[in-house]
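Down below is the structure, laid out as structure tokens.
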Amino acid sequence: MKKMNDRERTFLLMTIPILILFFLFNTLPLIKGAIYSFTNFKGYGTYNWVGFRNYIDLFQDGRVGRSYWFTFKLALLSTIVVNVISLILALGLNSKIKFKSALRGLYFIPNILGALVVGYIFNYFFTYILPAVIQMMGGEGTSMLASTKWAWVAIMIVCAWQSIAMNTIIYISGLQTVPEDVYEAGSIDGATGWAQFKHLTFPLILPFFSINMVLCMKNFLMVFDQIMALTKGGPAQSTESISYLIYNNGMSGGQFGFQSANAVVFFIMIVVISVAQMTFTSKREEQL
Amino acid sequence: MKEKVNERVNWPITILLIIGLITVAFPLYMTIVIAFKQPSEMTNSISGILSLPKSWSLANFAEAMRVTDFWRSLFNSFLITVITVVISILIHSMIGYAVGRNKAKNKFYNFSYLYIVSGMFVPFAILMMPLVKQTAQMGIDNLVGVILCYVVFYMPMNVLLYSGYLVNIPVALEEAARVDGASTFRTYWSIIFPIMKPMHATVAVLTALGTWNDVMTPLVIMSGSGMNTLPLAQLTFQTQFGTNYNLAFASYLLALLPILIFYIICQKQILNGVVNGAVK
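Now the structure itself:
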């Protein structure tokens, strides 16, 4: 009995201090953020309670609305683009090719590089190199980043450049779990090419597909570094992501309270989307 | 047999994949040639920008190191990453073990597990502003604050990984140790901790990649301290680079180099770590 107590005590000592640390730097700021969202705090000085004023304003604020529209458009389209390209790339890298491990290693490089520096490098590419190329081909030589119509595409390309590396590796590990005899059995039944992919390969790597969807969506919804390096939210606030807006207006724009409300709404959305994605994909997996 | 394997090599796909590498190589090539050039070599045409530099002078790098205080930023980045990884491995594995072993039969540990893992849904954007105030009040708006934040931010993922891995370790091992008179902590430290070595590698890779490349946390927390990490320095000195893109690119290349070297040395461990982390 005494030994049991020692065991219980040790486990508690292992858990409680770390739980307190987690509370201090995760839950406490979360609660504080939620409290600030009901005030008109500017980030300094005194503040008053304003009830749900910030939340009401939030839904009528054009700039906030545009940042949600931009972020969701970017996240959704990037997720699709990244997953399609990654899947094709993974199929290629998993087939009987030469220099297999070298190629896999090289294709992964974009993922280890810092997003901010990558953003700066692409910033130069979009500002100077690409317009010159377009001009040479007889087009209009303006920078994509300066156009309200095209800046988000440039951001998507940079996000995709880095994410494809990651998702491809995950798909490859998925493809490696598919046993060879499945294909052999399939080819007897005449499943080759697209039919093979659709009826054999894809259903078998579905768990990896859901991992990639969830990872991608979550990362893109929180996009920040790329915006900072490429457009700083411009031109004409057309590429302000939610994180960037919260950072920019909350930290230095005197909207601490208002942007806290924005952050709370953003948090709830992330939770809802993640939970929905997970229940949806786990249901699909069960069906198979 | 060997010949047969060679015969089956799919050359069209191999060649397509090699051509596709241009998308990876081009931005890096661009960074290297611009970093070595002098501003006078940067004519307006693309060929002027993308041709090889006339001489491979290191002058831009020396200047970039001076302007961005490179060694200091590198040291800070290194310090933050190493300390974060070491603390993460020590305490995340510990709580992962305590929680993982007890969550099936004890409500408190089950709650603790769900509480920590659900932290994964909390975006940094909501913590950012209160954390800035909090770290300033606590007097840790510096490297210490950044490290503590990272240890907490990576806890959900790492606890999930460790307690997931624990399922594969038979409880009988611990019971045998207990019969031999080892205390619970000793059992953990001398038996469980070493067995979790593959998971330590995964946790180290994921935590290190994340902290090394992160900009947002040091940006908001250390902004008043005048300290930089390697990526943060690129942001801080952006105005000083001005239109001297050669200097800027030399600095970017310097910022990318440590992680590239690290990747070349431990490519296998990094790839394994990333896959393990994502799939589990």
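From first to last, the protein sequence lines are chains V and G. According to the numbering used here, the first sequence holds residues 1 to 288 in order. According to the numbering used here, the second sequence holds residues 289 to 568 in order. Glycine included, every Cβ here is placed at the ideal spot set by N, Cα and C. Just so it is clear, the structure is predicted and the values come from calculations on it, not from any experiment.
Original post:
Taking the C-alpha atoms as reference points, what is the distance between G186 of chain V and R104 of chain V?
Top reply: As a working note, residue 186 of chain V is residue 186 in the first sequence. As a working note, residue 104 of chain V is residue 104 in the first sequence. In a straight line, the C-alpha of G186 of chain V is about 27 Å away from that of R104 of chain V.
Subject >> Contacts that F409 of chain G makes with chain V (C-beta to C-beta distance below 9 Å) >> reply: By one-based count along the second sequence, residue 409 of chain G stands at place 121. Ordered by position in chain V, the residues that pass the 9 Å Cβ test against F409 of chain G are K218, F267, I270, V271, S274 and V275.
**OP:** Just the C-alpha distance for S282 of chain V and F525 of chain G, rounded to the nearest angstrom, thanks.
**Re:** Here residue 282 of chain V refers to the residue found at position 282 of the first sequence. Here residue 525 of chain G refers to the residue found at position 237 of the second sequence. So the two alpha carbons sit approximately 47 Å from each other.
**OP:** Quick one: which residues of the segment 85 to 115 of chain V get their C-beta closer than 8 Å to a C-beta of chain G? List them in chain order.
**Re:** L89, G92, L93, S95, K96, I97, K98, F99, L103, R104, G105, L106, Y107, F108, I109, P110, N111, I112, L113, G114 and A115
Original post:
Taking 8 Å as the CB-CB limit, is C554 of chain G close to chain V?
Top reply: Your numbering for residue 554 of chain G matches position 266 in the second sequence. No - not a single Cβ of chain V is within 8 Å of the one on C554 of chain G.
Original post:
Which first and last residues belong to the alpha helix (DSSP H) in which N219 of chain V is found?
Top reply: As a first step, residue 219 of chain V is located in the first sequence; it is residue number 219 there, counting from the start. Per DSSP, N219 of chain V belongs to the alpha helix (DSSP H) from L206 to L221.
Original post:
Assuming V341 of chain G and E329 of chain G make a contact with CB atoms under 8 Å, what is their CB distance in whole Å?
Top reply: What you label residue 341 of chain G is simply residue 53 of the second sequence in a count that begins at 1. What you label residue 329 of chain G is simply residue 41 of the second sequence in a count that begins at 1. The amino acid occupying residue 341 of chain G in the given sequence is Pro; Val does not appear at that position. About 6 Å; that satisfies the 8 Å criterion.
**OP:** Helix, strand or coil for T499 of chain G, going by three-state DSSP, please let me know.
**Re:** Here residue 499 of chain G refers to the residue found at position 211 when the second sequence is read from its first residue. Note: T499 of chain G maps to helix in three-state DSSP.
**OP:** Would you mind stating whether A263 of chain V and N54 of chain V have Cβ atoms separated by less than 8 Å?
**Re:** For the purposes of this step, residue 263 of chain V is taken as residue 263 along the first sequence, with counting starting at 1. For the purposes of this step, residue 54 of chain V is taken as residue 54 along the first sequence, with counting starting at 1. No, the Cβ-Cβ distance between A263 of chain V and N54 of chain V is not below 8 Å.
**OP:** Less than 8 Å between the CB atoms is what I'm expecting for L541 of chain G and T319 of chain G, so what's the real figure, rounded?
**Re:** Indexing the second sequence from 1 puts residue 541 of chain G at position 253. Indexing the second sequence from 1 puts residue 319 of chain G at position 31. The C-beta separation of L541 of chain G from T319 of chain G comes to about 5 Å, placing the pair in contact by the 8 Å criterion.
Original post:
In terms of residues, what are the limits of the alpha helix (DSSP H) holding K32 of chain V?
Top reply: If you number the first sequence from 1, residue 32 of chain V lands on position 32. Taken as a continuous stretch (DSSP letters only), the alpha helix (DSSP H) holding K32 of chain V covers L28 to Y36.
Subject >> Host alpha helix (DSSP H) of G174 of chain V (start-end) >> reply: Taking the first sequence and counting its residues from 1, the one referred to as residue 174 of chain V is at position 174. Note, G174 of chain V: alpha helix (DSSP H), A151 to L175.
Original post:
Does the distance from the C-beta atom of Y44 of chain V to that of G257 of chain V stay below 8 Å?
Top reply: Working through the first sequence from its first residue, we reach residue 44 of chain V at position 44. Working through the first sequence from its first residue, we reach residue 257 of chain V at position 257. Not in contact: Y44 of chain V and G257 of chain V (Cβ atoms no closer than 8 Å).
Subject >> Any chain V beta carbon closer than 8 Å to S361 of chain G >> reply: In the second sequence, the residue the question calls residue 361 of chain G occupies position 73. No, its Cβ sits nowhere closer than 8 Å to a Cβ of chain V.
Subject >> Backbone CA spacing between K292 of chain G and E180 of chain V [nearest angstrom] >> reply: Against the second sequence, residue 292 of chain G aligns to sequence position 4. Against the first sequence, residue 180 of chain V aligns to sequence position 180. Its pLDDT being 46, under 50, K292 of chain G is placed unreliably in this model, and the coordinates cannot settle the point.
Subject >> Counted within 10 angstroms of its Cβ, other Cβ atoms place Q425 of chain G as buried (16 or more) or exposed >> reply: By 1-based counting over the second sequence, the position of residue 425 of chain G is 137. Classification for Q425 of chain G: exposed.
Subject >> Continuous alpha helix (DSSP H) stretch holding L145 of chain V: start and end >> reply: Your numbering for residue 145 of chain V matches position 145 in the first sequence. Taken as a continuous stretch (DSSP letters only), L145 of chain V belongs to no alpha helix (DSSP H), as it is neither H nor E.
**OP:** Report the rounded CA-to-CA distance for M515 of chain G versus Q522 of chain G, giving the unit in angstroms.
**Re:** One-based indexing of the second sequence puts residue 515 of chain G at position 227. One-based indexing of the second sequence puts residue 522 of chain G at position 234. Take the alpha-carbon of M515 of chain G and the one of Q522 of chain G: they are about 12 Å apart.
Original post:
Below 8 Å between beta carbons: does that hold for L234 of chain G and G388 of chain G?
Top reply: No answer is possible for residue 234 of chain G: it lies beyond the span of chain G, which begins at 289 and ends at 568.
**OP:** Kindly indicate which three-state DSSP category T505 of chain G falls into: helix, strand or coil?
**Re:** By one-based count along the second sequence, residue 505 of chain G stands at place 217. Under the three-state reduction of DSSP output, T505 of chain G falls in the helix class.
Subject >> Residue environment, D6 of chain V, which counts as buried when at least 16 other CB atoms sit within 10 Å >> reply: Here residue 6 of chain V refers to the residue found at position 6 when the first sequence is read from its first residue. It is exposed - the Cβ of D6 of chain V has fewer than 16 other Cβ atoms within 10 Å.
Subject >> Continuous alpha helix (DSSP H) stretch holding S361 of chain G: start and end >> reply: For the purposes of this step, residue 361 of chain G is taken as the residue at position 73 of the second sequence. Counting along the chain, the alpha helix (DSSP H) containing S361 of chain G begins and ends at F358 to I375.
**OP:** For K32 of chain V, go through chain G and note every residue whose CB falls closer than 7 Å to its CB, in chain order.
**Re:** Residue 32 of chain V sits at position 32 when you count from the first residue of the first sequence. Those within 7 Å of K32 of chain V in chain G are P418.
**OP:** Count the other C-beta atoms from every protein chain shown that fall within 10 angstroms of the C-beta of M14 of chain V, then say buried if there are 16 or more, exposed otherwise.
**Re:** In the first sequence, the residue the question calls residue 14 of chain V occupies position 14. Label assigned to M14 of chain V: buried.
Subject >> Proximal residues to S143 of chain V (C-beta, below 6 Å), its chain only, five neighbours per side dropped >> reply: As a working note, residue 143 of chain V is residue 143 in the first sequence. Scanning its chain for C-beta atoms nearer than 6 Å, with the 5 sequence neighbours on each side dropped, one finds around S143 of chain V the residues F126, T127 and P131, in chain order.
Subject >> D225 of chain V at chain G interface by Cβ criterion, 8 Å >> reply: Here residue 225 of chain V is taken as the residue at index 225 of the first sequence, counted from 1. Answer yes: the Cβ-Cβ gap between D225 of chain V and chain G drops below 8 Å somewhere.
Subject >> Proximal chain V residues relative to V567 of chain G, where beta-carbon distance stays under 9 Å >> reply: Here residue 567 of chain G refers to the residue found at position 279 of the second sequence. Chain order gives the chain V residues near V567 of chain G as I170, S173, G174, P207, F208 and I211, where near means a beta carbon separation below 9 Å.
Original post:
Near R360 of chain G, what residues of its chain come up, given a Cβ to Cβ distance below 6 Å and the 5 sequence neighbours on each side ignored?
Top reply: Along the second sequence, one-based indexing puts residue 360 of chain G at 72. Cβ contact annotation for R360 of chain G (same chain, cutoff 6 Å, sequence separation greater than five): none.
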